[in-house]
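*Asks:* I have a structure here, written as C-alpha cells, and I will follow up with some questions on it.
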Amino acid sequence: MNTITNLHRRKLLKYGAIAIAGAITHPVWVKAGDFVNANKASTDFNPDVEIELTQNITDIAIFEGQKTRVWKVTGKVLKGSSDIVDNNDGTYLAPTLRFKKGQKIRLILNNNLPAQSILHWHGLHVPANMDGNPMYAINEGESYVYEFEIRNRAGTYWYHAHTHGVTARQVYSGLAGLFIVSDEQEQALNLPSGDYDVPLVIQDRSFDTDNQLSYSSHMMQRMQGFLGEQIFINGRPDFVLSVDTRAYRLRLLNGSNSRVYKLAWDDDTPVTVIGVDGGLLECPEQHGYVMLAPGERLELWMDFSGRAVGSELTLRSLSFATSTHGGGMGMMGGYGMMGGGMGMGRGGMMGGGMMSVSPLPSGSDYPVIKFRVTQKEQSNATLPKVLTPITTLCMKDAQNAENPKAISLSMQHMSALLNGRSYQMNDIQPDEVMPLNTLQLMEFDNGFSGGGMGMGMMMAMPHPMHLHGEQFQVIKREVNSGSQDNYQTVAAGFVNGGWKDTVLVMPGEKVTILKPFNDFKGIFMVHCHNLEHEDMGMMRDLLVQ
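What follows is the structure, given as C-alpha cells:
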C-alpha cells in the first residue's frame, strides 16, 4: 500500500545509517542529507498562541565540577502570555508549556542539533502531520511548524523526540517536556493551584566521572531497556520538595526510557489518585500503591495537614516481579533474561561480556521523591467526591466488537516485534488500516495466549503500549495461570479508569481497550514506550482512512 511519498521513501533509506551512527557516537549523529520538506506556517491559520522552540547543544551544572553537555529545548513566546512557557532553566528538561482547551496554537520547532529530530505531542488529538511521526524529522538548520487546536480535556500531557532509531538517546539527552492543558470543568473544582499544583517528572540517569551523561547501547541493554543509576526529579538529582501543611496536586510523569515504578508512601498512607494520562477521573481512587510505566502520567492528591514541621515523607518504588520465567534463572536488571551467577559493578561489565547492571534494578525497592514539611499553613482545601464526567465507551459500539484487532508483543531473535513485524515505513498491512470515525476493539497480548514470548520465557518483560492520536479506555485485563503469582505483585496498582494513551502490559497478560479513530485521516503510530524497544522496531504505523 503506497501511503508515503517518494520523498519519505528516500528518507527511509537514510534512517539505517542514522540509527547505526547513533548507536556508536553520542551526542553527535550523522545527518541524513538535505531532502526534507519542512512544514511551513499557514497563512489562513490565526493562532491564539505562538511559540518558538529551539533545540541546541548546551552545558548545564548538574553536579559540582564539570558541566554536563545536554540537548536542550528553549521556548520563546511570540504571541500570548509570557507565563505559558517555563524553560526549566538550569536543568536539561524541555520547557513546560501551559495551554487551555480550545486554543489554536502554532509551535515553530528549530533544529540546531547535529542530527535529524522531530517532536511528538504525546497524548494530544491532532492531525497526522502535526503528530510528530518520524517521517517528518527535520535536519540541522531546518524548522517544522505545528498548527493545531487543543481538543483535549484538561490533563497532564508531554512531548518528546520521536526520531526513528534514536528516540531513546534523544529523549535521554534532554528532548522531553511537559504540556499541561486546563479547561473550565477542571477550574470549577478549585483543586490546589499555583505553588500547590506541582509537576514531577521522574527519570533515571547515569553519569561518568566527568559528569557526562552515560548511555549504554549494548544489544542486551537495548533488549532490557536502559536503566539509569540515579533517580532524577524535574531534571535534578537528590530532589527534595518543601511543602506546607496543606493539600497538593502532584502531577507525575514517568519520563524514563524503560523503568517501571511501583509508587507508595513510605508511611503506608493510601495513594489518592485523581487523574491519569487523559486528565481527571470521575471520582478519586485510593490504592496502597500505583504502577507508573514509561509514558504514563498520574495525578495525586496529597494532604500534608497535621504533619509536623520538619517531618519528611518519601514516595518509594516498591519491589515487584517483572518476569514470568520458572525457577533456576537469575535476574538481570529485574527482568528474567539470562542465567544467574554473574557479577555486576557500577559502570563495569557483567561476566561473559554482558552490559552493566544498574544499582537500581527494575522491580527493586528504592526512594523516588522526598517531601519535607517546612511551613505551617491553614487551608480548607477538601478533596472533591466527584471530579469530572467521563463518557464510558461500550464494546457493543465498536465496529469490530466480534473481531478484536489483536496485537501480539514479542522479543524474538534480538528483535522487538508487534504481530511478528518490525517497524518499516511504507509497510502498512491490511490489519493496520482503521476506518475513520470508528471505535475499534483492540487487544495487546504479551504472552497471554502462549505465544509471543520468543526464546522460550527468557525474554518475557513488561511492555508499556502507546497509541498516538485520540486516547482510549481500558476495558479489561486478563493474565494466564502461569503468570498469576508474579502478576499479583502489581495487580492492585493499576488505575484502569479514565482516558489513557499508554497502558502497561505485563508478561503473561492481555489488555483489551476501546480506541476511537475520529476526525483525522492519516498515519498514527502504535509502539512500546520502552524507548529501546521502540528503537529496535516494536512500533508500527496505523493508517486511518
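Okay, so the sequence shown: first residue is 21 according to the numbering used here, each after it adds one. Even glycine gets a Cβ: it sits at the ideal position worked out from N, Cα and C. Nothing here was measured: the structure is a model prediction, and the numbers come from that model.
Just to confirm, is the Cβ distance from Pro484 to Leu438 under 9 Å?
*Replies:* Their beta carbons are not under 9 Å apart, which means Pro484 does not touch Leu438 by this criterion.
*Asks:* Tell whether a beta-carbon distance below 9 Å holds between Leu139 and Leu129.
*Replies:* A contact, by the Cβ cut-off of 9 Å.
*Asks:* Let's test the definition: count the other Cβ atoms within 10 Å of the Cβ of Met488 and tell me whether it reaches 16, buried, or not, exposed.
*Replies:* This sequence places His at residue 488; Met is not what is there. His488 comes out buried.
*Asks:* Would you grab the beta carbon distance between Gly502 and Glu302 for me? Rounded to a whole angstrom, and I think it's under 8 Å.
*Replies:* No, Gly502 and Glu302 are not in contact; Cβ-Cβ is about 35 Å, not under 8 Å.
*Asks:* For a test of the three-state rule: what should DSSP assign to Tyr179, helix, strand or coil?
*Replies:* The answer is strand: DSSP assigns Tyr179 an E or B state.
*Asks:* Is it true that the CB of Ile77 sits closer than 9 Å to the CB of Lys87?
*Replies:* No, they are not a contact pair.
*Asks:* Going straight from the alpha carbon of Pro314 to that of His549, what length do you get?
*Replies:* Computed Cα separation, rounded: 6 Å.
*Asks:* Quick check: the Cα distance between Gly161 and Pro257, rounded to an integer number of angstroms?
*Replies:* The straight-line gap from Cα to Cα measures roughly 32 Å.
*Asks:* Between the stretch 214-230 and the stretch 286-295, do at least 3 Cβ pairs fall closer than 8 Å?
*Replies:* Touching, no, given that fewer than three Cβ pairs across the two stretches are closer than 8 Å.
*Asks:* Give me the Cα-Cα distance between Gln444 and Gly295, rounded to the nearest whole angstrom.
*Replies:* Spanning the two alpha carbons is a distance of roughly 35 Å.
*Asks:* State yes or no: is the C-beta of Thr292 within less than 9 Å of the C-beta of Glu397?
*Replies:* No, the pair does not count as a contact, with Cβ atoms beyond the cut-off.
*Asks:* Identify the continuous alpha helix (DSSP H) that holds Thr187 and give its terminal residues.
*Replies:* Note, Thr187: alpha helix (DSSP H), 187-193.
*Asks:* Excluding the five sequence neighbours on either side, which residues of its own chain have a C-beta within less than 7 Å of the C-beta of Arg171, listed in chain order?
*Replies:* Closer than 7 Å at Cβ, skipping near neighbours: His145.
*Asks:* Who are the near neighbours of His553 in its chain, counting only those whose CB is closer than 6 Å to its CB and skipping five residues on each side?
*Replies:* Same-chain partners within the cutoff: Ala436.
*Asks:* Would you report the Cα separation of Asp14 and Val97, rounded to the nearest angstrom?
*Replies:* Here the chain comprises residues numbered 21 to 565, so residue 14 is not present and cannot be evaluated.
*Asks:* If you measure between the beta carbons of Arg441 and Arg327, is that distance less than 9 Å?
*Replies:* No.
*Asks:* Apart from the five residues on each side of it in sequence, which residues of its chain come closer than 6 Å, Cβ to Cβ, to Thr45?
*Replies:* Low per-residue confidence applies at Thr45: pLDDT is 32, beneath 50, and the placement is therefore not dependable enough to give any value.
*Asks:* From the DSSP output, in three-state form, read off Gln244 for me.
*Replies:* Three-state DSSP puts Gln244 in a helix.
*Asks:* When you compare each of Phe259, Val165, Glu332, Pro387 to Pro147 by their alpha carbons, which one comes out closest?
*Replies:* Comparing Cα-Cα distances from Pro147 to each of Phe259, Val165, Glu332, Pro387, the minimum goes to Val165.
*Asks:* Whose C-alpha, out of Ile495, Ser278, Asn538, Leu407, is nearest the C-alpha of Glu204?
*Replies:* With distances taken between Cα atoms, Glu204 lies closest to Leu407.
*Asks:* Which partner residues does Trp91 have in the DSSP bridge list?
*Replies:* Paired residues: Ile77.
*Asks:* Would Gln136 pass as a contact of Thr187 if the rule is Cβ separation under 9 Å?
*Replies:* Not in contact: Gln136 and Thr187 (Cβ atoms no closer than 9 Å).
*Asks:* Cβ of Trp519 within 9 Å of Cβ of Gln491?
*Replies:* Yes, the pair counts as a contact, with Cβ atoms nearer than the cut-off.
*Asks:* Have a look at the DSSP bridge pairing and note the partners of Met462.
*Replies:* Answer by DSSP bridge pairing, in chain order: Lys425, Ile533.
*Asks:* Among Gln460, Leu456, Asn231, Val388, which has the Cα closest to the Cα of Lys416?
*Replies:* Here the closest residue by C-alpha is Gln460.
*Asks:* DSSP three-state call for Met485: helix, strand or coil?
*Replies:* In the structure shown, Met485 sits in a strand (DSSP, three-state: E or B).
*Asks:* Given the structure, does Gly542 come close to the ligand ATP, in the sense that its CB is under 8 Å from one of the ligand's heavy atoms?
*Replies:* Looking at this structure, you won't find the ligand ATP or any other ligand, since it has none at all.
*Asks:* In terms of alpha-carbon separation, which member of Ser262, His180, Arg189, Arg279 lies closest to Gln223?
*Replies:* Comparing Cα positions, the closest option is Arg279.
*Asks:* Gly308 and Ala511: beta carbons closer than 9 Å?
*Replies:* No, the Cβ-Cβ distance between Gly308 and Ala511 is not below 9 Å.
*Asks:* Can you name the residues that DSSP bridges to Val494?
*Replies:* Ile533.
*Asks:* Does Gln75 pass the burial test, meaning 16 or more other C-beta atoms within 10 Å, or should it be called exposed?
*Replies:* When all chains shown are included, Gln75 counts as buried.
*Asks:* Check the C-beta distance from Glu463 over to Ala426 and give it rounded, since I have them as a contact under 8 Å.
*Replies:* Correct: roughly 5 Å between the Cβ atoms.
*Asks:* Quick one: complete beta strand (DSSP E) runs, 3+ long, within the stretch 296-345?
*Replies:* Taking only runs of at least 3 residues, the beta strand (DSSP E) segments lying wholly in the stretch 296-345 are 299-307, 310-312, 317-323, 332-337.
*Asks:* Would you report the Cα separation of Gln395 and Val221, rounded to the nearest angstrom?
*Replies:* For Gln395 and Val221, the distance between alpha carbons rounds to 24 Å.
*Asks:* Quick one: Cα of Glu84 to Cα of Asn231, how far?
*Replies:* Computed Cα separation, rounded: 9 Å.
*Asks:* Would you please state the rounded distance, in angstroms, between the beta carbons of Pro10 and Asn466? I believe it to be under 8 Å.
*Replies:* Because the chain is modelled from 21 through 565, residue 10 falls outside the range shown and cannot be assessed.
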